[in-house]
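Peer 1: Encoded as structure tokens, here's the structure I'll be asking about.
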Amino acid sequence: MQIGIFTVGDVTTDPTTGRTPSEYERIKATVAIARKAEEIGLDVFATGEHHNPPFIASNPTATLAYIGAQIERIILSTATTLITTTDPVLIAEDYAKLQHLTDGRNDLMLGRGNTGPVYPWFGKDIRQGINLAVENYALLRRLWSEDVVDWEGRFRTPLQGYTSTPRPLDGVAPFVWHGSIRSPEIAEQAAYYGDGFFHNHIFWPASHTEQMVRLYRERFEHYGHGRADQAIVGLGGQFFMRRNSQDAVREFRPYFDNAPVYGHGPSLEDFTRQTPLTVGSPQEVLERTLSFRDYAGDYQRQLFLVDHAGLPLKTVLEQLDLLGEILPEMRRGFAEGRPAHVPDAPTHASLVAAAGGARDVAVHAEDTMTGTTDRATAEVDA
Amino acid sequence: MTTRIVVVSAGLSVPSSTKLLADKLGDAVQRATGARGLEVEVRHVELRPLAHALADHLLTGFATGPLADAIDAVRHADGVVVVTPVFSASYSGLFKTFVDVLEPGTLDGTPVLIAATAGTARHSLVLDHALRPLFAYLRTVVVPTGVFAASEDFGATDDGSLDKRVERAAGELAALLGGGAARPPAPRRRSVDDEFAAPTPFEQLLREAGGDSVR
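The structure is reproduced here in structure tokens:
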């Protein structure tokens, strides 16, 4: 079981003090939070991806590479990488590069994005969200698995004899998760390829999550990747804890009431009942988290949202300390009753082993292209 | 098979003339469809008690409890009657909010009877200037007669009386719902529920992505 945190990097005013961190502070806080995640023994840190204020989560691979240089062990991932509006050619390069820089300590989670204008900003049409995700990912896989790609599709210019560099580390592409809240087509996509499926979970009723996870598991089995309960499932989660339950509720309420997503809507009490949000003691958070298995089955990755809604860095780090305290018990709980045939989430090491060992797959070629633009122009002029 | 009619009303006061009209219409539809030999179940959905849940839905994106039930009832209805009070020259915000949280395609091809209430008859064109275009956008089949009731209508018994309009509209809805001859099911957009029940195979998604589909 991998346990970690994910962040969308919102720059939000602290409603209790009226103070808004600068982008610089928020970006550096993200790094501090990732370091803390490693320190308390978490397995995964994920960030991304937004391209508009109030977020600082653009360019996740730069952030992850920077973090990867400072910590040793944790898996660096995304939440999410926009497969719809990012050119798959750039995704192939960026994440293979990140593999080399971090010695394979990264994977990625693909998402379609929930910000309407992000599509036109990158020259895409939001009505084609599913089709973009389907076509772009099919190309991304080929760019990682084939050295030389000829490709023609609907949403980007054709490729002739194209080689994406660097080639994936040890000849193995990063593991891919597909995140979707309510698009069955994406659960279908994840199942078809035998990739991981991640449900955001945190803003939704359990029935919603259950339905998506069940579909993914059934289709995973349908496509012959293993039994339904061997599919690779990840879930989000959200908590605020203090040693004393009432203190947690009192302290978190103003953040909840003003939160960017659900603020000024349902009450804290309603929302904690309707969604996985848990505000209370460490024991309550522990028990609630372990209950996710009741409807999602034994799963592979649990990511918590801890740094949002204007919570100051100090508070976030305290939350992580408390998470660190219940972590051993959480791991024991997740291991309890877990059938032996339920696999762990793939890592770079397990993927390399499954591929029969590491291979150097570098494509060596003479440079025949640099400086060719002038020549091409000259030929056109002539 | 039972024909399911859902009557959605957006009155705010208790009691409200909107609910009064909704009850009249519900009864009339029951009689008119019954007369055609249909087995009918009429369910009333009042939006007032769902006001909080609707505001929450706008912010959270999901329905809970009774609101989820109401949406489900409308989705599975064979015919729908909608009744809104007129606020500022249109349907009420509460009424529109309910329409706004319906997934696209929920009402595709569904026969709908539109009705509205207001203090004076000067608002009667709201039916044709606001409600009819809205339900055309939703790809419903709106019956020709819309029922508008001003306060004074509840006391009038002349030739164009409210009861007569109610009966005519209910008869038109009943005619659309068939009885005797089977009505071919109207084509509906594929909903998320349909995808869960029978997912589009990925090979097909892959083919369509490269074709000319919009998804």
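Residue numbers (numbering that gives the first Met the number 0), protein chains in the order written: chain A, 0 to 381; chain B, 0 to 214.
Beta carbons are placed, not taken as given, at the ideal position from N, Cα and C, and that holds for glycine.
1. Output needed in chain order: residues of the stretch 120-135 of chain A with a Cβ under 7 Å from some Cβ in chain B.
2. Give the straight-line distance between the Cα atoms of residue 372/A and residue 366/A, rounded to the nearest whole angstrom.
3. So, is the C-beta of residue 181/B closer than 8 Å to a C-beta in chain A?
4. Note down, in chain order, every chain A residue with its Cβ under 7 Å from the Cβ of residue 198/B.
5. Could you have a look at residue 339/A and say whether DSSP puts it in helix, strand or coil?
6. For the alpha helix (DSSP H) that residue 288/A lies in, which residues bound it at each end?
7. For the stretch 103-116 of chain B against the stretch 32-49 of chain B, do three or more pairs of beta-carbon atoms, one drawn from each stretch, fall closer than 8 Å, so that the two count as touching?
8. Under 8 Å, do residue 196/B and residue 35/B count as touching if we go by C-beta distance?
9. At a cut-off of 7 Å, is residue 333/A close to the ligand MN when judged by its beta-carbon and the heavy atoms of the ligand?
10. Tell me which same chain residues have a C-beta within less than 6 Å of the C-beta of residue 119/B, skipping the five on either side of it?
11. Relative to the C-alpha of residue 252/A, which residue among 293/A, 303/A and 276/A is closest?
12. So that I know if they touch, is there some Cβ in chain A lying closer than 8 Å to that of residue 226/B?
13. Please compile the residues from chain A whose C-beta is within a distance smaller than 8 Å of the C-beta of residue 213/B.
14. List, in chain order, every chain B residue whose beta-carbon is nearer than 9 Å to that of residue 25/A.
15. Are residue 244/A and residue 268/A close, meaning C-beta to C-beta below 8 Å?
16. By the criterion of Cβ-Cβ separation under 9 Å, what are the contact partners of residue 234/B in chain A?
17. Which residue's Cα is closest to the Cα of residue 309/A: 15/A, 2/A, 1/A and 163/A?
18. Are the CB atoms of residue 264/A and residue 58/B within a distance shorter than 8 Å?
19. In whole angstroms, give me the CA-to-CA distance for residue 2/A and residue 292/A.
20. Which one of 174/A, 23/A and 209/A has the shortest CA to CA distance from residue 53/A?
21. Would you kindly check if the distance between the Cβ of residue 82/B and the Cβ of residue 8/B is under 8 Å?
22. Among 286/A, 112/A, 230/A and 326/A, which one has its Cα closest to the Cα of residue 49/A?
23. Measuring straight from C-alpha to C-alpha, what distance separates residue 209/B and residue 84/A?
24. Please decide whether residue 202/A counts as near chain B, where near means a Cβ-Cβ distance under 8 Å.
25. Residues bridged to residue 237/A by DSSP?
26. Mind checking if residue 69/B is an interface residue toward chain C, Cβ cutoff 8 Å exclusive?
27. Under 7 Å Cβ-Cβ, which residues of chain B neighbour residue 137/A?
28. Skipping 5 residues on each side, what residues in its chain have a beta carbon closer than 8 Å to that of residue 179/B?
29. I'd like the span of the beta strand (DSSP E) that includes residue 113/B, first residue to last.
30. Assess, as a yes-or-no matter, whether the stretch 112-132 of chain A is touched by the stretch 58-70 of chain A under the definition of 3 or more beta carbon pairs within less than 8 Å.
31. Below 8 Å between beta carbons is the criterion; list the residues of the stretch 254-267 of chain A that meet it against any residue of chain B, in chain order.
32. Thinking C-alpha only, which one of 199/B, 204/B, 160/B and 189/B is nearest residue 20/B?
33. Could you tell me whether any Cβ in chain B is nearer than 8 Å to the Cβ of residue 207/A?
34. Give every residue of the same chain whose Cβ lies closer than 8 Å to the Cβ of residue 163/A, excluding the five residues on either side of it in the sequence, and list them in chain order.
35. Along chain A, in chain order, which residues have C-beta atoms closer than 7 Å to that of residue 191/B?
36. Just to make sure I have the definition right: I need the residues of chain A whose C-beta is within less than 7 Å of the C-beta of residue 209/B. Which are they?
Peer 2: Judging by the given coordinates:
1. Within the stretch 120-135 of chain A, the residues whose Cβ lies closer than 7 Å to some Cβ of chain B are 126, 127, 129, 130, 133 and 134, listed in chain order.
2. 14 Å
3. The predicted position of residue 181/B is uncertain, since its pLDDT is 47 and thus under 50; no value can be drawn from it.
4. Within 7 Å Cβ-Cβ: 183, 187, 214 and 218.
5. coil
6. 281-290
7. no
8. no
9. Inclusion of the ligand MN in the displayed structure is not the case, the ligand content being empty and no account of it being possible.
10. 149
11. 276/A
12. The question about residue 226/B has no answer, for chain B in this structure spans 0 to 214.
13. 126, 127 and 130
14. The contacting residues do not exist; residue 25/A stays about 24 Å from chain B at best.
15. no
16. With chain B covering only 0 through 214, there is no way to say anything about residue 234/B.
17. 15/A
18. yes
19. 14 Å
20. 23/A
21. Result yes, Cβ atoms of residue 8/B and residue 82/B sit closer than 8 Å.
22. Comparing Cα positions, the closest option is 112/A.
23. 16 Å
24. yes
25. 304/A
26. Included in the structure are the protein chains A and B, with no chain C among them.
27. Here the neighbours are 205.
28. Its pLDDT being 48, under 50, residue 179/B is placed unreliably by the model, and the measurement read from it follows with that caveat. If the five residues before and after residue 179/B are omitted, its C-beta is found closer than 8 Å to the C-beta atoms of 35 and 36, all from its own chain and listed in chain order.
29. 110-117
30. no
31. 260, 261, 262, 263, 264 and 265
32. 160/B
33. For residue 207/A, the answer is yes, since a Cβ of chain B falls inside 8 Å of its Cβ.
34. 88, 91, 92, 95, 142, 143 and 148
35. 181 and 183
36. 134, 152 and 153
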